[in-house]
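S.K.: Under this note's numbering, the first residue of the sequence shown is numbered 992, with each subsequent residue one higher. Don't be surprised by glycine CBs; every beta carbon is placed ideally from N, CA and C. Computed from a predicted model, the values in this text were never measured in an experiment.
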Amino acid sequence: MHTHTGSSGRVSGANGLGREAAFTLIELLVVIAVIAVLLGILLPALARSKAAAQKTKCLSNLRQMGVAFELYSTDNQQRFPLNYDGLAGRQMVPNWAYGNMADLVDRRDYESLLSPARTLLAPYLQEPRLYKCPSDRTDAVRSVSLNCRVNPVRLKDEPRWLWGAGTNYPVFRRPTDMLWPSMTFTVLDEEEATINDGYFAVDLSNTGEPTGEGTPIPLVIIDFPGQRHSRSAGVAFGDGHVEVVRWKDALIGAETRFPGLRVDPSSFDGRWLHEHAVGQSIVVR
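(1) Hey, which unbroken runs of the alpha helix (DSSP H) at 4 residues or more fall wholly within the region 1078-1142?
(2) Just confirm the distance between the C-beta atoms of Gln1045 and Ser1136, as a whole number of angstroms; I'd bet it's less than 8 Å.
(3) Look at the alpha carbon of Ile1208 and the alpha carbon of Ala1093, and state the distance between them as a whole number of angstroms.
(4) Does DSSP put Val1233 in a helix, in a strand, or in coil?
(5) Using the rule of at least 16 other Cβ atoms within 10 Å of the residue's Cβ for burial, across every protein chain shown, is Met1056 buried or exposed?
(6) Assuming Gly1155 and Thr1202 make a contact with CB atoms under 8 Å, what is their CB distance in whole Å?
(7) With a threshold of 8 Å, establish whether the CB of Thr1047 neighbours any heavy atom of the ligand MN.
(8) Rounding to the nearest angstrom, what Cα-Cα distance links Asn1052 and Lys1123 in this structure?
(9) Thinking just about the alpha-carbon of each residue, which of Thr1065, Val1144, Ala1059 is nearest to the one in Tyr1115?
(10) Going by CA-CA distance only, name the one from Lys1147, Leu1210, Tyr1063, Ala1013 that's closest to Ala1241.
(11) Let me know the secondary structure DSSP gives Ala1024 once reduced to three states.
(12) Would you give the residue range spanned by the beta strand (DSSP E) that Asp1180 belongs to?
(13) Let me know the secondary structure DSSP gives Tyr1190 once reduced to three states.
(14) Out of Val1193, Tyr1063, Tyr1101, Gly1225, state which residue places its alpha-carbon closest to the alpha-carbon of Arg1165.
(15) Is the beta carbon of Trp1171 less than 9 Å from the beta carbon of Gln1271?
(16) Is it true that the CB of Leu1078 sits closer than 9 Å to the CB of Asp1188?
(17) If you draw a straight line from the alpha carbon of Phe1163 to that of Asn1142, how long is it in whole angstroms?
(18) Would you mind stating whether Gly1261 and Thr1175 have Cβ atoms separated by less than 9 Å?
(19) Would you kindly work out how many angstroms separate the C-alpha atoms of Ala1120 and Val1144, rounded to a whole number?
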């Protein structure tokens, strides 16, 4: 019997039935190679799009938090909410945001973020996910902390990291205490290695001691901002605007040497934290 191949690519036999010609191994390899090239092109673009969306969401969360601070102060005699230094886990003391992320129970406690008896911003922020950067993959319910100079308090003693070594920088009990609110950060995303209470410590005494005693050797970094957005962190300021701040030197990997990392006085990151904690140029001692 004779068979013939028509122009359609079908193979006909004596029974008159046809079958499609199968792909050769080389053709399959070519298809796989093309798919691999397309994935190589598309996946980085998709990753960039996802990162951009997370950054936008992070800034949106911080913007809503800034509005919550404004509403709270309006309803409470123009005062900021309490900002506890060193609040231990499960102490029923109302704070701007309840919970210590170093405590295994607190770090998973969404309900306390919705309770006005524990979280003072709860009436203004009804979604607990607003306290967490969408790029944070940990199980902690909060990734943000509040500038230690914004209405600082402590249960028994004076709040730490505020004075000492001749410093004379202000604390901010009310929004009007900020002379340069557009330059003063309020809430920022904190590095997961250092986040605990909601009190972001900046040591303007440069002693590396909580009470500011000792010899100042600039510059000292105590708490570290997050680096989740390509070595950047979302930051909210006293006037309500938000930014993504990119870190340039000392902060990358430095949190492993916590606490009291000393950096060069020319450090961009160290100076940024010090100056924007008070909204003014600092005196390096």
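M.R.: On the basis of the supplied data:
(1) The alpha helix (DSSP H) runs of length 4 or more contained entirely in the region 1078-1142 are, from start to end of the chain, 1101-1104.
(2) In the sequence shown, the residue the question calls residue 1045 occupies position 54. In the sequence shown, the residue the question calls residue 1136 occupies position 145. Going by Cβ atoms, the distance from Gln1045 to Ser1136 rounds to 19 Å, so no, they are not a contact pair.
(3) The residue you call residue 1208 lines up with position 217 of the sequence shown. The residue you call residue 1093 lines up with position 102 of the sequence shown. Cα to Cα, Ile1208 sits roughly 29 Å from Ala1093.
(4) What you label residue 1233 is simply residue 242 of the sequence shown in a count that begins at 1. DSSP places Val1233 within a strand segment (E or B) once states are collapsed to three.
(5) For this step, residue 1056 is matched to residue 65 along the sequence shown. Counting every other CB atom within 10 Å of its CB across the protein chains shown gives Met1056 a total of 16 or more, marking it as buried.
(6) What you label residue 1155 is simply residue 164 of the sequence shown in a count that begins at 1. What you label residue 1202 is simply residue 211 of the sequence shown in a count that begins at 1. Going by Cβ atoms, the distance from Gly1155 to Thr1202 rounds to 6 Å, so yes, they are a contact pair.
(7) For the structure depicted, the ligand MN is absent and the ligand set is empty, with no information on it obtainable.
(8) As a working note, residue 1052 is residue 61 in the sequence shown. As a working note, residue 1123 is residue 132 in the sequence shown. The straight-line gap from Cα to Cα measures roughly 8 Å.
(9) The residue given as residue 1115 occupies position 124 in the sequence shown. The shortest Cα separation from Tyr1115 among Thr1065, Val1144, Ala1059 belongs to Ala1059.
(10) For the purposes of this step, residue 1241 is taken as residue 250 along the sequence shown, with counting starting at 1. When each option's Cα is compared against that of Ala1241, the closest is Leu1210.
(11) Here residue 1024 corresponds to residue number 33 of the sequence shown, with the count starting at 1. In the structure shown, Ala1024 sits in a helix (DSSP, three-state: H, G or I).
(12) One-based indexing of the sequence shown puts residue 1180 at position 189. Counting along the chain, the beta strand (DSSP E) containing Asp1180 begins and ends at 1176-1180.
(13) As a first step, residue 1190 is located in the sequence shown; it is residue number 199 there, counting from the start. Strand at Tyr1190.
(14) Start at 1 with the first residue of the sequence shown, and residue 1165 comes out as number 174. Here the closest residue by C-alpha is Tyr1063.
(15) Mapped onto the sequence shown, residue 1171 falls at position 180. Mapped onto the sequence shown, residue 1271 falls at position 280. Yes. Within cutoff.
(16) Numbered from 1 along the sequence shown, position 197 holds the residue referred to as residue 1188. Numbered from 1 along the sequence shown, position 87 holds the residue referred to as residue 1078. With respect to Leu1078, Asp1188 sits close: the two C-beta atoms are nearer than 9 Å.
(17) The residue given as residue 1163 occupies position 172 in the sequence shown. The residue given as residue 1142 occupies position 151 in the sequence shown. When only Cα atoms are considered, Phe1163 and Asn1142 end up about 6 Å apart.
(18) As a working mapping, residue 1261 is identified with position 270 in the sequence shown. As a working mapping, residue 1175 is identified with position 184 in the sequence shown. With contacts defined by Cβ atoms closer than 9 Å, Gly1261 and Thr1175 do not form a contacting pair.
(19) In the sequence shown, counting from the first residue as 1, residue 1120 sits at position 129. In the sequence shown, counting from the first residue as 1, residue 1144 sits at position 153. Going by the sequence as given, residue 1120 is Arg instead of Ala. The alpha-carbon separation between Arg1120 and Val1144 amounts to approximately 25 Å.
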